[in-house]
Amino acid sequence: MVACGRALEELGKAGKHRQAVAQGIVNYLYDHFRSAESGEPSCVLARCFQTSSYASMPLDYRYAADRLLDFTLTDRRMRCLALLATRGDRPVWNDVATSIAHQAIPLPSVEVVSRAPMIARLLEQLGVPIERLVTPTQDVGFVMEESDESFNVFHVPQALASPFIPAQESFVEPFGVQSVVGMGGLLADGEFFAVILFTRVAVTREVAELFRELALSVKAALLPFDSNHVFSGSQLL
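For the sequence shown, this note's numbering gives the first residue as 3, with consecutive numbering after it.
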């Protein structure tokens, strides 16, 4: 875990923006977490998200969020969970642009977030109050508090039939997802980040707890980039 943490921190020195570093992080985890016997990747899918206001996201992300909204957006400060990077077994899982339902997930209210079981559970286990997440502010991100310096772990030991993991018939069952483990926290600009791994091996609570330390390394890698250097390749209005 020490070696892994150092490798993740080094990735922050190579990228030009947060999205590129995030892609390096999920690539590293997917490529290096493997079965000692078969050499097969232990992850079916690895993803990195961060919160962003609707107004701060590139056009393609805004269009993705619009497709998931069932109302006309009037407040461009609405929070979204933006997919920064993705890596998985299928080619379609290796491009953010093809992740139509997950590229930008709108978080307009506590009620809407509560109806998304995995997101609600993720925030609960990572210690992020939903109320703070969805409340529009004039600032880019959250108001940092002393308690925000903690880094927590999201863990679902048995993904099959779990009420917290959707797409059971289309994803969990056919791809043999055994567990889900994630890590996250808050960045210096107040945005929340999370790395989520869907694994084909069972992950115990003891192993999942080790990811708490890796969250610090992920933050260190993402830290050099401010809110003006998050996304790449798309224009803002």
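We put the CB at the ideal spot given by N, CA and C, even for glycine.
How about residue i and residue j: do their beta carbons lie closer than 8 Å?
i	j	result
residue 188	residue 24	no
residue 159	residue 207	yes
residue 90	residue 222	no
residue 83	residue 109	yes
residue 219	residue 10	yes
residue 135	residue 227	no
residue 56	residue 75	yes
In whole angstroms, give me the CA-to-CA distance for residue i and residue j.
i	j	result
residue 88	residue 27	10 Å
residue 72	residue 114	11 Å
residue 148	residue 40	Low local confidence applies: a pLDDT of 43 at residue 148 is under 50, so the model's placement there is unreliable, and no value is given.
residue 5	residue 234	29 Å
residue 146	residue 105	Note that residue 146 scores a pLDDT of 41, beneath 50, so its modelled location is shaky; the value from the coordinates is reported in the next line. Rounded to the nearest angstrom, the two C-alpha atoms are 26 Å apart.
residue 179	residue 47	9 Å
residue 231	residue 19	5 Å
residue 238	residue 53	Residue placement at residue 238 is poorly supported in this model, since its pLDDT is 49, which falls under 50; the coordinates still yield a value, given next. C-alpha separation (whole angstroms): 17 Å.
residue 142	residue 79	At residue 142, the pLDDT of 45 sits below 50, so the modelled position is not reliable and the matter cannot be decided from this model.
residue 124	residue 68	23 Å
residue 33	residue 42	9 Å
residue 119	residue 165	7 Å
residue 156	residue 201	13 Å
residue 51	residue 199	12 Å
residue 66	residue 58	14 Å
residue 192	residue 63	20 Å
residue 1	residue 122	It is not possible to answer for residue 1, since the shown part of the chain is limited to 3 through 239.
residue 3	residue 162	27 Å
residue 22	residue 170	30 Å
residue 217	residue 35	16 Å
residue 129	residue 197	15 Å
residue 77	residue 205	40 Å
residue 17	residue 100	22 Å
residue 126	residue 38	33 Å
residue 175	residue 116	24 Å
residue 81	residue 177	31 Å
residue 7	residue 30	11 Å
residue 229	residue 102	24 Å
residue 154	residue 70	28 Å
residue 167	residue 190	30 Å
residue 133	residue 12	34 Å
Identify the residues that DSSP records as bridge partners of residue i: which are they?
i	result
residue 79	Bridge partners of residue 79: none, in fact.
residue 52	84, 195
residue 230	DSSP output for residue 230 lists no bridge partner at all.
residue 201	45, 181
residue 156	184
With 8 Å as the threshold, decide whether the Cβ of residue i is near any Cβ in chain C.
i	result
residue 162	Considering every chain present, this structure includes no chain C. It has just one protein chain.
*Which residue spans inside the segment 82-131 form an unbroken beta strand (DSSP E) run of at least 3?*
The segment 82-131 contains these whole beta strand (DSSP E) runs: 106-109.
*Would you be able to state if there are at least three C-beta pairs under 8 Å between the segment 42-59 and the segment 90-100?*
These segments touch.
*Taking only runs of the beta strand (DSSP E) that begin and end inside the segment 163-192, which ones reach a length of at least 3 residues, in chain order?*
Here the runs fully enclosed are 181-188.
_Does the segment 201-219 come into contact with the segment 165-183, if we say contact requires no fewer than three beta-carbon pairs (one atom in each stretch) closer than 8 Å?_
Three or more pairs of CB atoms, one per stretch, sit closer than 8 Å, so the segment 201-219 contacts the segment 165-183.
*Please go through the segment 21-68 and give each complete beta strand (DSSP E) segment of 3 or more residues, from N-terminal end onward.*
Those beta strand (DSSP E) runs which fall completely within the segment 21-68 and span 3+ residues are 45-55.
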